[in-house]
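Accompanying notes for the structure given below.
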Ligand SMILES: *Cc1c(COP(=O)(O)O)cnc(C)c1O
């Protein structure tokens, strides 16, 4: 296998402690700002929160998304409708005076930036620049380019990617930032490499870069891929590229070999120009290397920002029991010694908090003594939200065996995802048919930051049933783990690394089809989860404790950002050694 480049990355060209510019199409920055849709944006936000806590010299670029993603409404029969979420950047951010321009479909579009200062635990600030085209002088269409996160069609998307990638890189210059490392979080920002190449060429014609020019760009860029299947990668037709990006740039991209079957592939572009690339879990790195065998792709497993996701009652307990846990999340390993009663008490309070919210929203009063399962995530069909309903009779029996069972669902379907919407409809319909005194199933509207935090902390078991290998990582189970909540999940993404059977949760065994995996799900509920929860509270408390100790101490962004700084941003000689010795690279 060959290296991404002709020459290995040289440490001297990227000094340790140089400034990192992090690019992401979505970032969950603040609970009041609808600038994210789901896992990718949450991960970006948690990454920046940990970078701020750890004092990493980092700035971030995204789009302002003036109309947000969408607020979800569900009617009685489970039909989703969407409402825009307009917000005012001036309430949260400071407007920068710098202006830059990008060319979109041959038009010059002016871009400004709103700065949000994200402050870490010890006062270190990570500035986040939200790019905005809503300016006088831009056409009506262009003023809306930074309005809708994942809105519109692929033309709109490519236009947004020009603003994010080309615009962001130029804005960094205009702001006077000297950037040493450009981190592309997913392929949406890959066009920043063109801006760097153009600036390397000093305005010269794009058709004649030397190997040295290409290497200069490559030495500045790193990339994280989040997509486990070919269909998930961001792609555009040649016709779109010529029309929107222009003929010269498209010709350059074709020469770079980043078209595949006539489509401009943003993952390929990012890989082509990155000195370091990674997937988001060990398994996802493997899957990515198989998809792009010509590139070196490492793994850095995702995490979540611990203080953001640990519930108030568990925080209070940890502040007494392990006071240093905030400063260094690794110290959560000491949760192995927590008194059983303390963890049960803290979780009980988190559960009551969740059930109070459920009652406020739905009028339904659930019982804090009853085993409660949580399932919340984007309503994409591969997540198989209705797997638990494969055999309704069996589920009812389990509810009786458990002395009652409560299942809380939540999740949005992308407005254009009809199968996803049908899935929500199906879950809600089945829930209303099945629900009785023993089994209560509730679908909560508008899954977002606050509800996610309440659910992951307040349920007793976090359930995840993706179809393998579609879950690159998943992070909601990590939020649960940081609250001592074990998972019952398919062995995909992070759970392959996180599952110790009966210690941090339970694995749903791999099956040949949905029915076999549903069978395993039922068996684990019947034989492991229900008997333990019902009759052995002390053993249950010990599982909560080991979940927090083993998985809370590892699956956090504090550890993850340290890995990024050492393996991706400022690798020194380490990377080259690892590449030679690590058998994982043998595919
Ligand atoms: C954590 C989170 C996600 C991502 O969870 P997955 O496990 O990757 O599905 C999505 N949406 C919200 C609101 C979250 O808090």
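Residue numbers (the numbering used here): -4 to 582. By construction, the Cβ of each residue, glycine as well, lies at the ideal position given by its N, Cα and C atoms.
Of all the options the options, which has the alpha carbon lying nearest to the alpha carbon of residue i?
{"i": "residue 438", "options": "41, 75, 53 and 21", "result": "75"}
{"i": "residue 450", "options": "353, 559 and 551", "result": "353"}
{"i": "residue 149", "options": "435, 234, 66 and 120", "result": "234"}
{"i": "residue 510", "options": "195, 416 and 386", "result": "386"}
{"i": "residue 561", "options": "295, 348 and 236", "result": "295"}
{"i": "residue 237", "options": "225, 226 and 258", "result": "258"}
{"i": "residue 331", "options": "342, 194, 316 and 348", "result": "316"}
{"i": "residue 60", "options": "52, 36 and 50", "result": "36"}
{"i": "residue 427", "options": "441, 468, 476 and 359", "result": "359"}
{"i": "residue 420", "options": "546, 70 and 198", "result": "70"}
{"i": "residue 221", "options": "214, 251 and 276", "result": "276"}
{"i": "residue 256", "options": "230, 241 and 268", "result": "230"}
{"i": "residue 342", "options": "542, 51 and 23", "result": "542"}
{"i": "residue 532", "options": "334, 192, 86 and 493", "result": "334"}
{"i": "residue 175", "options": "14, 307, 566 and 154", "result": "14"}
{"i": "residue 312", "options": "397, 479 and 284", "result": "479"}
{"i": "residue 486", "options": "378, 433 and 33", "result": "378"}
{"i": "residue 25", "options": "397, 558, 113 and 85", "result": "113"}
{"i": "residue 170", "options": "119, 107 and 198", "result": "107"}
{"i": "residue 467", "options": "273, 67, 72 and 84", "result": "273"}
{"i": "residue 506", "options": "524, 463 and 540", "result": "463"}
Assuming contact is defined by CB atoms lying nearer than 9 Å, are residue i and residue j in contact in what I supplied?
{"i": "residue 27", "j": "residue 144", "result": "no"}
{"i": "residue 339", "j": "residue 536", "result": "yes"}
{"i": "residue 165", "j": "residue 104", "result": "no"}
{"i": "residue 57", "j": "residue 20", "result": "yes"}
{"i": "residue 271", "j": "residue 217", "result": "yes"}
{"i": "residue 550", "j": "residue 498", "result": "no"}
{"i": "residue 322", "j": "residue 116", "result": "yes"}
{"i": "residue 53", "j": "residue 121", "result": "yes"}
{"i": "residue 187", "j": "residue 196", "result": "no"}
{"i": "residue 228", "j": "residue 262", "result": "yes"}
{"i": "residue 554", "j": "residue 326", "result": "no"}
{"i": "residue 400", "j": "residue 434", "result": "yes"}
For ligand 1, I want to know if residue i counts as a neighbour, meaning its beta carbon is within less than 8 Å of at least one of the ligand's heavy atoms.
{"i": "residue 459", "result": "yes"}
{"i": "residue 468", "result": "yes"}
{"i": "residue 299", "result": "yes"}
{"i": "residue 462", "result": "no"}
{"i": "residue 39", "result": "no"}
{"i": "residue 146", "result": "no"}
{"i": "residue 43", "result": "no"}
{"i": "residue 379", "result": "no"}
{"i": "residue 369", "result": "no"}
{"i": "residue 372", "result": "yes"}
{"i": "residue 544", "result": "no"}
{"i": "residue 549", "result": "no"}
{"i": "residue 443", "result": "yes"}
{"i": "residue 446", "result": "yes"}
{"i": "residue 274", "result": "no"}
{"i": "residue 250", "result": "no"}
{"i": "residue 34", "result": "yes"}
{"i": "residue 471", "result": "yes"}
For the region 498 to 546, list the beta strand (DSSP E) runs that are entirely contained and at least 3 residues long, ordered along the chain. 500 to 503
>> What ranges does the beta strand (DSSP E) occupy inside the region 33 to 109, keeping only unbroken runs of at least 3 residues that lie completely in it?
In response: 53 to 58, 66 to 69, 75 to 78 and 95 to 99
request  = Go through the region 307 to 376 residue by residue and report every complete run of the beta strand (DSSP E) that reaches 3 residues or more, in order.
outcome  = 366 to 371
task = For the region 115 to 202, list the beta strand (DSSP E) runs that are entirely contained and at least 3 residues long, ordered along the chain.
result = 120 to 127 and 174 to 180
Original post:
For the region 242 to 292, which segments carrying the alpha helix (DSSP H) assignment without a break, of at least 4 residues, lie completely within its bounds, in sequence order?
Top reply: 242 to 250, 261 to 267 and 277 to 286
Can you give, in chain order, each stretch of the beta strand (DSSP E) that sits fully within the region 423 to 459 and has at least 3 residues? 434 to 439 and 456 to 459
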